[in-house]
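Just so you know, we're using this note's numbering here: the sequence shown kicks off at 299 and counts up by one. Even glycine gets a Cβ: it sits at the ideal position worked out from N, Cα and C. Quick caveat: nothing in here was measured; it's all calculated off a predicted structure. A quick write-up on the structure given underneath.
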Amino acid sequence: MEKRNLRKERIGVVVSNKMEKSIVVAVRRRERHPIYGKFINKTTKLVAHDEKDTCNIGDTVKIMETRPLSKSKNWRLVEIIERVK
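Written out as structure tokens, the structure reads:
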């Protein structure tokens with residue numbers, strides 16, 4: 299089995315593209331409250347590498363974990379799933 303296939307992948311929405319070759323992606327997840335059982339939406343913001351600077355705010359993208367590219371960048375853009383209208 300190839301090691302590249304074991305890397306984590308996430309789908310999220312681009313919330314910032316103001317940096318050069320970088321985007322901030324908001325990844326949403328649902329967690330169940332341990333006592334009350336209510337589902338809670340939680341958001342994690344991940345900084346990802348966008349080599350060609352193609353993403354716009356609002357795009358739905360797939361990102362993959364990679365080696366550290368900077369202090370906060372450990373993810374890279376795999377594909378743009380849906381472009382914003």
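What is the residue span of the beta strand (DSSP E) that residue i lies within?
i, result
"S314", "307 to 314"
"M317", "Taken as a continuous stretch (DSSP letters only), M317 belongs to no beta strand (DSSP E), as it is neither H nor E."
"E349", "Neither: E349 is in no beta strand (DSSP E) and is coded neither H nor E."
Is the Cβ-Cβ distance between residue i and residue j less than 8 Å?
i, j, result
"R381", "I361", "no"
"N315", "N354", "yes"
"K369", "D348", "no"
"V323", "L304", "no"
"K340", "R330", "no"
Given that a residue counts as buried once 16 or more other Cβ atoms are within 10 Å of its Cβ, and exposed if not, what is residue i?
i, result
"I379", "exposed"
"I338", "exposed"
Return the bridge partner residues of residue i from the DSSP annotation.
i, result
"R328", "N339"
Please state whether DSSP places residue i in a helix, a strand or coil.
i, result
"L304", "helix"
"V382", "coil"
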